[in-house]
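As structure tokens, the structure follows; a few thoughts come after it.
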Amino acid sequence: MLHYTKQSDPALYDLLQKEYQRASNNIEMIASESTVPYEVMELTGSVFTNKTLEGYPGNRFQAGSEVADELERLANERAKALYGADHVNLQPYSGITSNYSVYASLLQPGDKVLAMRLDHGGHLSHGSVANFLSKVYDYRHYGVNQDTEQIDYEQLEEMARSFRPKLIIAGGSSYPRVIDFARIAKVAKEVDAVFMVDMAHIAGLVAAKLHPSPIPHADVVTSSTTKTFAGPRAGMIFCKEAFAKKIDQGVFPGALGSIHIHTMAAKAWSLQYASTDAYRAIMQKVLDNAKALAAALEKKGFRIVSGGTDNHIVMVDLREKNISGKQFQNALDSVGITVNKNQIPFDPASPFVTSGARIGTTCVSQRGLGPAEMDIIAGIMNDVAENPEDTAVLEACRKKVLLLIEQFPLYTDRAFFE
Ligand SMILES: Cc1ncc(COP(=O)(O)O)c(C=O)c1O
-10 MLHYTKQSDP ALYDLLQKEY QRASNNIEMI ASESTVPYEV MELTGSVFTN
40 KTLEGYPGNR FQAGSEVADE LERLANERAK ALYGADHVNL QPYSGITSNY
90 SVYASLLQPG DKVLAMRLDH GGHLSHGSVA NFLSKVYDYR HYGVNQDTEQ
140 IDYEQLEEMA RSFRPKLIIA GGSSYPRVID FARIAKVAKE VDAVFMVDMA
190 HIAGLVAAKL HPSPIPHADV VTSSTTKTFA GPRAGMIFCK EAFAKKIDQG
240 VFPGALGSIH IHTMAAKAWS LQYASTDAYR AIMQKVLDNA KALAAALEKK
290 GFRIVSGGTD NHIVMVDLRE KNISGKQFQN ALDSVGITVN KNQIPFDPAS
340 PFVTSGARIG TTCVSQRGLG PAEMDIIAGI MNDVAENPED TAVLEACRKK
390 VLLLIEQFPL YTDRAFFE
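For the sequence shown, our numbering gives the first residue as -10, with consecutive numbering after it.
Encoded structure:
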């Protein structure tokens, strides 16, 4: 696949080989990552990348769009069938631009939005002060209950009734539990708010029907197509028919420009793949591994936020181990296990240091690791947490990581990357 780059730009070719080696020799456990199939790489590098297109099938601003029209219609049909949705828009470039597009579709500056706190598991694009949208819309945030570390639905309902938001958002980037979509939909209806679910993290599990779907409950559902969905770097928006026109206008011309139709081709492939038994089996493994990892870490004395997980995310409180999230992330990285530091609910530490880490099981499950390997990984994590500066321990851990991961190749067709 890299034949031409190899000839014309050896420096870049070299970087690609280095990244291949890094990813192959590391245990990738960043919860927002996945490993895409060859087809996704082929299609994102396909001739469709040359086509400039704005608008929708049958109504484009550019000529020569008849094949692309067919592609977008096919992708839309596959998406609607997979998720059982009334309407879909597959033009967003990512999860975050899906969210921006919904805001552009449904909100006016100053409108009120109720969403989950970032430090309790929400997302930057749900009104964090660090994101520019916090200056455009009037956000308030609900959080989790301090005892259960699960969404405080009473607080959410009270806030919905007193704040009267135009939009209520559920979903997040570090929330390991099933969300009661029906309950939030009920209060949204009561206060006349639009209900949006951002299923960026759980989209693959939902597609495989191994996690409750927000589609029947929410007016609008946004998603990334990377994370558990394991497709190309892009986004998607589903909605009830009543919102279809507004959402389409909000995406284009409201928020985005020309379509990444090459990425849409890869999305179309992934949407079909996500309906297969092979995909479902991997998603089941993702869930089994997350549960196994949480249990194994707990046995080693780590505290698991909310007491467990219902998805691919394990949130670990590191305070029992006297190590910060930042130190843990760096020490693990040095032995070849890739995770990210993350604030935990009511975290006394800053987002740059944190008392916790977020660990995801999508990539390892795709590579074929199972519960027995989760046990080994938990052991290595414990050794690292308890000896983050002991070079002999870290070296021994690096060897264990290499020994383990070489049994589960990242890709079997090495030639594809040469
Ligand atoms: C809940 C949620 N929404 C949106 C996004 C953004 O997705 P993307 O990286 O595809 O823009 C993320 C990614 O971290 C996320 O966790």
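Even for Gly, the Cβ is constructed at its ideal location relative to N, Cα and C.
Same chain, Cβ closer than 7 Å to Ile19, five either side skipped, listed in chain order: In the same chain as Ile19, and ignoring 5 residues on each side of it, the C-beta atoms closer than 7 Å to its own belong to Thr327, Val328, Asn329 and Gly349, in chain order.
Thr211 versus Phe227 - alpha carbon distance: Thr211 and Phe227 have their C-alpha atoms some 6 Å from each other.
Cα-Cα separation between Glu138 and Leu60, rounded to whole angstroms: Using only the alpha carbons, I get a separation of about 43 Å.
Validate contact between the region 118 to 136 and the region 352 to 366 using beta carbons, cut 8 Å, 3 pairs: At 8 Å Cβ cutoff, the stretches do not touch.
Check whether Asp237 and Asn88 have beta carbons under 8 Å apart: No.
Thr86, enclosing alpha helix (DSSP H) - first and last residue: First-last of the alpha helix (DSSP H) with Thr86: Gly84 to Leu95.
Three or more C-beta pairs below 8 Å linking the region 375 to 387 and the region -1 to 8: Taking one beta carbon from each stretch, the region 375 to 387 and the region -1 to 8 have fewer than 3 pairs nearer than 8 Å; the two do not touch.
Per-residue DSSP class, three states only, for Lys310: The three-state secondary structure of Lys310, taken from DSSP, is helix.
Between the CA atoms of Ala346 and Glu309 - distance to the nearest angstrom: Approximately 13 Å between the Cα atoms of the pair.
Sequence-distant residues of the same chain with beta carbon closer than 8 Å to Gly34, five excluded per side: So the qualifying residues of the chain are Met(-10) and His251.
Residue range of the beta strand (DSSP E) that includes Ala104: Where Ala104 is concerned, the enclosing beta strand (DSSP E) stretches over Lys101 to Met105.
Check: Ile157 C-beta below 7 Å from any heavy atom of ligand 1: Result no, Cβ not under 7 Å from ligand 1.
Thr178, buried or exposed, once every other Cβ within 10 Å from all chains shown has been counted against 16: First, the residue type needs correcting, since residue 178 is Lys and not Thr in the sequence shown. By the neighbour-count rule (16 or more Cβ atoms within 10 Å), Lys178 is not buried but exposed.
Beta-bridge partners of Lys330, as assigned by DSSP: Partner(s): Ala346.
Ligand 1 heavy atom lying under 7 Å from the CB of Ile312: Incorrect: Ile312 has no Cβ contact closer than 7 Å to ligand 1.
C-beta contact flag for Gly314 and Asn331 at 8 Å: Cβ distance < 8 Å, so Gly314 and Asn331 count as in contact.
Burial state of Asn278 (16 or more Cβ within 10 Å): Asn278 is buried by the Cβ-count criterion.
Segment limits, alpha helix (DSSP H) that includes Val373: Residues Pro360 to Glu375.
Reduced DSSP category for Val324 - H, G, I as helix; E, B as strand; rest coil: Here Val324 sits in helix by DSSP.
Asn48 in three-state terms, based on DSSP: Three-state result, Asn48: strand.
Three-state secondary structure (DSSP) of Ala296: What sits at residue 296 in the sequence shown is Gly, not Ala. Here Gly296 sits in helix by DSSP.
Endpoints, the beta strand (DSSP E) within which Gly224 is located: Counting along the chain, the unbroken beta strand (DSSP E) around Gly224 starts and ends at Gly224 to Cys228.
Residue environment, Thr(-6), which counts as buried when at least 16 other CB atoms sit within 10 Å: For Thr(-6), the number of other beta carbons within 10 angstroms of its own is below 16, and it is reported as exposed.
Near ligand 1: Asn88 beta-carbon under 7 Å from a heavy atom: Remark: the shortest separation between the CB of Asn88 and any heavy atom of ligand 1 falls under 7 Å.
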